[in-house]
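Heads up, the final residue of the sequence shown is numbered 272 in UniProt numbering, and it's a clean run with no missing numbers. Virtual Cβ for every residue (Gly too), placed ideally from N, Cα, C. Since the structure is predicted, the reported quantities are computational estimates derived from the model, not experimental observations.
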Amino acid sequence: MPFVVAIINQKGGTGKTTTTINLGAGLAYQGYRTLLVDMDPQGHTSIGIGIDPDNFTESMGEVMTVPRKDIEDVVLATYIKGLFVAPSHIKLARAAEQLYSRMYRETILYQALKDTDYDYVLIDCPPALGVLTTNSLYVAEFIIIPCQMSRYSLDGLADLMTTIEEVKNIFTEDLFRGDFFRILLTMYDRRNRVTNEFIMEQLKPYLEKTFGVIIMKNEALNQAQIAQKAIFDYDHSSTGARDYYLLTQEFLNLCQKRKNLPEKRRSLLNWP
Numbered sequence: 001m002p003f004v005v006a007i008i009n010q011k012g013g014t015g016k017t018t019t020t021i022n023l024g025a026g027l028a029y030q031g032y033r034t035l036l037v038d039m040d041p042q043g044h045t046s047i048g049i050g051i052d053p054d055n056f057t058e059s060m061g062e063v064m065t066v067p068r069k070d071i072e073d074v075v076l077a078t079y080i081k082g083l084f085v086a087p088s089h090i091k092l093a094r095a096a097e098q099l100y101s102r103m104y105r106e107t108i109l110y111q112a113l114k115d116t117d118y119d120y121v122l123i124d125c126p127p128a129l130g131v132l133t134t135n136s137l138y139v140a141e142f143i144i145i146p147c148q149m150s151r152y153s154l155d156g157l158a159d160l161m162t163t164i165e166e167v168k169n170i171f172t173e174d175l176f177r178g179d180f181f182r183i184l185l186t187m188y189d190r191r192n193r194v195t196n197e198f199i200m201e202q203l204k205p206y207l208e209k210t211f212g213v214i215i216m217k218n219e220a221l222n223q224a225q226i227a228q229k230a231i232f233d234y235d236h237s238s239t240g241a242r243d244y245y246l247l248t249q250e251f252l253n254l255c256q257k258r259k260n261l262p263e264k265r266r267s268l269l270n271w272p
């Protein structure tokens, strides 16, 4: 079973997809075989890593609705060695509607991933807390919550945390306890001093569960998505590349504290 990470936030524009792509690329460049699972019907992770929606006929929609569908049938290689994607399509939203009458619907993604040969799986969750998100939370061993440095990005954070805990407690036999999630602060702008102070004050109850690395606001990250590349390949010297490199290192250090995880491999990503 690979180590599965759900990247989730109910609000859009928090850096969820950007984090999925660039953390995944960072892991692949560290030598880890990594799969990105695009569970958002908008398909932004698939598009952002260079997958043309017109170039595949099957996606996570089939994995979620066709009984015993092998996820490897839909997995595509990206331009980065060791990085793969299970793409999404707008029809995944219709697939979600079909699942509500299906027994054990919360375990479909777990069944699809449990025998796959990846070191890490990163799931880009949809913004809505529906059956697709429940599947993602059920299978995840670790959860990343990107949080934009703005006033309204904190709305609903407590509710999201409650939902995560309820899903884990209700749907898993071995209750999910311990050091299992991290908040990731994104789009940080030093010039916004008052806003930054307000956000940090509101985050005090969660500071121990917040990544030490903060993703700075950086136009290169937006441009990399337009170019459909990871930030390391688009602009290796950018602030965004530095931040996601450091996030990859911090994430791996956290993972090494857990049992039965892949050993650290030789880094293919050089950083000055």
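Judged by DSSP secondary structure, Arg94 falls outside any beta strand (DSSP E) and instead within the alpha helix (DSSP H) spanning Lys91 to Leu99.
Contact fails between the stretch 192 to 209 and the stretch 17 to 26, because fewer than three Cβ pairs, one in each stretch, are under 8 Å apart. Looking from the CA of Ala128, the closest CA among Glu62, Leu109, Asp233 and Leu160 belongs to Leu160. In the structure shown, the three-state DSSP call for Gln249 is helix. For Tyr110 and Asp124, the gap between their C-alpha atoms comes out near 15 Å.
Every alpha helix (DSSP H) of 4 residues or more that sits fully in the stretch 114 to 170 is shown, in chain order, as 131 to 139. Runs of the beta strand (DSSP E) spanning 3 or more residues and lying entirely within the stretch 207 to 247 do not occur at all. Taking a C-beta distance under 8 Å as the contact criterion, Cys147 and Asn22 do not qualify as a contact pair.
Beta-bridge pairing by DSSP links Ala86 to Val37. Leaving aside the five residues that flank Leu76 on each side, the residues in its chain whose CB is nearer than 7 Å to its CB run, in chain order, Ile51, Phe56, Phe84, Val85 and Pro87. DSSP lists Met216 as the bridge partner or partners of Tyr188. Residue environment analysis places Asn253 among the exposed positions, since fewer than 16 neighbouring C-beta atoms fall within 10 angstroms of its C-beta. In this structure, Gln202 is the residue among Val4, Gln202 and Asp117 with its C-alpha nearest to the C-alpha of Ser153.
Taking 8 Å as the cut-off, the Cβ atoms of Pro53 and Gly61 do not count as close.
Of the candidates Glu165, Arg151 and Met39, Arg151 places its Cα closest to the Cα of Asn196. Around the Cβ of Asn218, a 10 Å sphere holds 16 or more other Cβ atoms; the residue is buried.
When secondary structure is reduced to three states using DSSP, Val74 falls in the coil class, being assigned neither helix nor strand.
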